[in-house]
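Colleague: Input: one structure, supplied below.
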Amino acid sequence: MMIGLYLTLILALLVQAIFFFIFTVARKQQVKAVNTPDPSPFTVLICARNELPHLEAHLQTWLSQLSSRDHLMIVDDGSTDGSHDYLKAKAATHPNLTLLHIPDDQKTHPGKKAALHEGLKACKTEHIILTDADCYPLSEYWASSMNQSLHHYDVVIGFAPLIMRPSIVSMFASLESIYVAMQYGSFAILGRPYMYVGRNAGIKKSKVLQTNAINKHMDMTSGDDDLTFQAIRKDVSVGVNLQKEALVNSYPPEHLRTFIRQKTRHMSTSVRYDAFSKIALAVLAASHILFYFCLGLMLFSEAAIWVPSMLTLRAIIILPAWHRWSSDLLIPFRWGKILIFDLLLSIYYPVMMTTLFKKSIRWT
């Protein structure tokens, strides 16, 4: 029995080592920014529902990203908090700002999809940069950097890490956002893209509308970003923009219930991913769980003396990739917090896997 336990532990650790080697190698091969002398005009597209505080806080920041040829389109998705009146007043004094209002009783798609679909159709430019109302660029060149990349790719994957706050939930959510970025960013750089996040992505309008991508997952409330990408990924060229000026930050959830609801919505779409991505992500999660499960069993055996050595070896395997990606995403590298997070993931994964059997949750 102990031999089987040791072999399972070694196998799980080997699988993890392979994945983190991939994450490190992929980072070294990231796509470089290429300047275009006369870039095309672009539209920053934001879908918002009851986001008045964020709109008030970030509107000027988004507008400052634009030249006279560029546009900011905000789709008010049936807000009831005064967002519509606020944006209507701002649009009257800012010619680059366009407001599109979609009442709930006129929706043609579930969840956020209606706002996204109508917003895409209404955009007058081919190049569209997606973000969310609770996101803010870290540089005045964010939109122009993403737009530059769109001259070379049909879809550009950007990154939007969650800022780290003192609470345990916020800390976990921030580190989880880096870990997710590490995964989808690495696979995209190595030619196996499976998703982008709607908080920071560049797309060509024609590629999404011509493939009828959004309508291919109409039966699900969620999936406006990752399932849209799944629908078009075989027909588009995909680039990755990891330049620091192309980053945006977003706020982490403060409460566990909010975080679980968000992740449940995201997890519900993963069953629609392509087979390779589903298998790879499942193997990554399973090897993580198995490592700590075996380590836990060792604590109650004569092999307990080897537990500190196994934890040290794991730290040696995972921390270099974590350090590199944390640096790229401008999140402070705290190795102690990362190791605690790594342990908590072994609990988080089984809990979140139960959400695969739940219905999609509406977007709020």
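According to this note's numbering, numbering within the sequence shown proceeds without interruption in unit steps and concludes at 366.
We put the beta carbon where it would ideally sit given N, CA and C, even for glycine.
Looking at P255: is its Cβ nearer than 8 Å to the Cβ of S176?
Modeller: In the sequence shown, the residue the question calls residue 255 occupies position 253. In the sequence shown, the residue the question calls residue 176 occupies position 174. No, Cβ-Cβ distance for P255 and S176 is not below 8 Å.
Colleague: Quick check: the Cα distance between L152 and R235, rounded to an integer number of angstroms?
Modeller: As a working mapping, residue 152 is identified with position 150 in the sequence shown. As a working mapping, residue 235 is identified with position 233 in the sequence shown. Using only the alpha carbons, I get a separation of about 15 Å.
Colleague: Count the CB pairs spanning the segment 81-100 and the segment 50-61 that are closer than 8 Å, and state whether there are at least three.
Modeller: Yes: the two stretches touch, three or more of their Cβ pairs being nearer than 8 Å.
Colleague: Along the chain, which unbroken stretches of the beta strand (DSSP E) at least 3 residues long are found entirely within the segment 264-343?
Modeller: Counting only runs of 3 or more, we get nothing.
Colleague: Which class does L102 belong to by DSSP, given the choice of helix, strand or coil?
Modeller: Translated into positions along the sequence shown, residue 102 becomes position 100. L102 falls in the strand class under three-state DSSP.
Colleague: By alpha-carbon positions, which one of I342, G187 and P195 ends up nearest to L313?
Modeller: Along the sequence shown, one-based indexing puts residue 313 at 311. The residue with the shortest Cα to Cα distance from L313 is I342.
Colleague: Given a threshold of 16 other Cβ atoms within 10 Å of its Cβ, counted over all protein chains shown, does I104 qualify as buried or as exposed?
Modeller: Locating residue 104 in the sequence shown gives position 102, counting from the first residue. I104 is buried by the Cβ-count criterion.
Colleague: Which residue comes first and which comes last in the alpha helix (DSSP H) that contains A50?
Modeller: Translated into positions along the sequence shown, residue 50 becomes position 48. Run containing A50: none in the alpha helix (DSSP H); it sits in the beta strand (DSSP E), F44 to A50.
Colleague: From L7 to Y351, what distance separates their C-alpha atoms?
Modeller: For the purposes of this step, residue 7 is taken as the residue at position 5 of the sequence shown. For the purposes of this step, residue 351 is taken as the residue at position 349 of the sequence shown. For L7 and Y351, the distance between alpha carbons rounds to 21 Å.
Colleague: Nearest to L331 by alpha carbon, out of P163, D79, S311 and E304?
Modeller: Here residue 331 refers to the residue found at position 329 of the sequence shown. With distances taken between Cα atoms, L331 lies closest to P163.
Colleague: Excluding the 5 residues preceding and the 5 following K123 in the sequence, name in chain order all residues of the same chain whose CB lies nearer than 8 Å to its CB.
Modeller: Counting from 1 along the sequence shown, the entry for residue 123 is found at position 121. L211, listed in sequence order.
Colleague: Does the beta-carbon of V242 have 16 or more other beta-carbons within 10 angstroms, so that it is buried, or is it exposed?
Modeller: The residue labelled residue 242 in the question sits at position 240 within the sequence shown. V242 should be labelled buried.
Colleague: According to DSSP, simplified to helix, strand and coil, what is H129?
Modeller: In the sequence shown, counting from the first residue as 1, residue 129 sits at position 127. Residue state, collapsed to three classes: strand.
Colleague: Exposed or buried, what is K30 when buried is set at 16 or more other beta-carbons lying within 10 Å of its beta-carbon?
Modeller: For the purposes of this step, residue 30 is taken as residue 28 along the sequence shown, with counting starting at 1. Looking at its Cβ environment, which holds fewer than 16 other Cβ atoms inside 10 Å, K30 is exposed.
Colleague: Mind reading off the beta-carbon distance from S69 to Y155? Whole number of angstroms is fine, and I expect it under 8 Å.
Modeller: Along the sequence shown, read from residue 1 onward, the residue named residue 69 stands at position 67. Along the sequence shown, read from residue 1 onward, the residue named residue 155 stands at position 153. About 21 Å separates the two Cβ atoms, so there is no contact after all.
Colleague: Compare the C-alpha of D83 against each of V77, E53 and D107 and name the closest.
Modeller: Working through the sequence shown from its first residue, we reach residue 83 at position 81. Nearest option by C-alpha distance: E53.
Colleague: Would you call the segment 276-295 and the segment 8-22 touching, i.e. three or more CB-CB distances under 8 Å?
Modeller: Counting Cβ pairs under 8 Å, three or more are found: they touch.
Colleague: Are the CB atoms of Y143 and V250 within a distance shorter than 8 Å?
Modeller: As a position in the sequence shown, residue 250 is number 248, starting the count at 1. As a position in the sequence shown, residue 143 is number 141, starting the count at 1. No, Cβ-Cβ distance for V250 and Y143 is not below 8 Å.
Colleague: Taking Cβ positions, are G204 and V157 nearer each other than 8 Å?
Modeller: For the purposes of this step, residue 204 is identified with residue 202 of the sequence shown, where counting begins at 1. For the purposes of this step, residue 157 is identified with residue 155 of the sequence shown, where counting begins at 1. Yes.
Colleague: Does the segment 301-308 come within contact of the segment 13-27, defined as at least 3 CB pairs closer than 8 Å?
Modeller: Contact fails: fewer than three Cβ-Cβ distances are below 8 Å.
Colleague: Within the same chain, show all residues whose beta-carbon is closer than 7 Å to that of A190, passing over the 5 residues directly before and after it, in chain order.
Modeller: In the sequence shown, counting from the first residue as 1, residue 190 sits at position 188. These residues qualify, in order along the chain: I159, V240 and V242.
Colleague: Using only alpha-carbon positions, find the residue among L345, L102, L15 and T26 that is nearest to S328.
Modeller: Position 326 of the sequence shown, counting from 1, holds the residue named residue 328. Minimum Cα distance to S328 is reached at T26.
Colleague: Would you decide whether M166 is buried or exposed? Buried here means 16 or more other CB atoms lie within 10 Å of its CB.
Modeller: Walking along the sequence shown from the start, residue 166 turns up at place 164. Buried is the call here.
Colleague: Pop quiz: K339 and M173 are said to be a contact at Cβ under 8 Å. What is the actual Cβ separation, rounded to whole angstroms?
Modeller: Looking up residue 339 in the sequence shown gives position 337. Looking up residue 173 in the sequence shown gives position 171. The Cβ separation is near 6 Å, so the contact holds.
Colleague: For W365 and K126, I'd like the C-alpha separation in whole angstroms.
Modeller: On the sequence shown, position 363 is the one that residue 365 refers to. On the sequence shown, position 124 is the one that residue 126 refers to. Because the pLDDT of W365 is 48, which lies under 50, any placement of that residue in the model is unreliable, and the number read from its coordinates should be weighed accordingly. Near 26 Å, if we compare the C-alpha coordinates of K126 and W365.
Colleague: Nearest CA to the CA of M4: which residue from A306, K207 and T213?
Modeller: For this step, residue 4 is matched to residue 2 along the sequence shown. Per the Cα distances, A306.
Colleague: Straight-line CA distance for P39 to P195?
Modeller: Position 37 of the sequence shown, counted from the first residue, corresponds to residue 39. Position 193 of the sequence shown, counted from the first residue, corresponds to residue 195. Their Cα atoms are separated by approximately 28 Å.
Colleague: Rounded to the nearest angstrom, how far is the Cβ of M75 from that of G113, given a contact under 8 Å?
Modeller: The count along the sequence shown starts at 1 and reaches residue 75 at position 73. The count along the sequence shown starts at 1 and reaches residue 113 at position 111. Not really, about 19 Å apart at Cβ, beyond 8 Å.
Colleague: Would the beta-carbon of A116 fall within 8 Å of that of D78?
Modeller: If you number the sequence shown from 1, residue 116 lands on position 114. If you number the sequence shown from 1, residue 78 lands on position 76. In this structure, D78 does not lie closer than 8 Å to A116 by Cβ.
Colleague: If you draw a straight line from the alpha carbon of L140 to that of H56, how long is it in whole angstroms?
Modeller: One-based indexing of the sequence shown puts residue 140 at position 138. One-based indexing of the sequence shown puts residue 56 at position 54. Distance between the alpha carbons of L140 and H56: 15 Å.
Colleague: Between which two residues does the alpha helix (DSSP H) harbouring K115 extend?
Modeller: Sequence index remark: in the sequence shown, residue 115 carries index 113 (1-based). Residues K115 to A124.
Colleague: Work out the CA separation of H73 and T45 for me, nearest whole Å.
Modeller: Here residue 45 refers to the residue found at position 43 of the sequence shown. Here residue 73 refers to the residue found at position 71 of the sequence shown. So the alpha carbons of these two residues sit roughly 5 Å apart.
Colleague: Go through its chain and collect everything with a Cβ distance to H96's Cβ below 7 Å, but skip five positions before and after it.
Modeller: Counted from its first residue, the sequence shown places residue 96 at position 94. Answer for H96: L65, listed in chain order.
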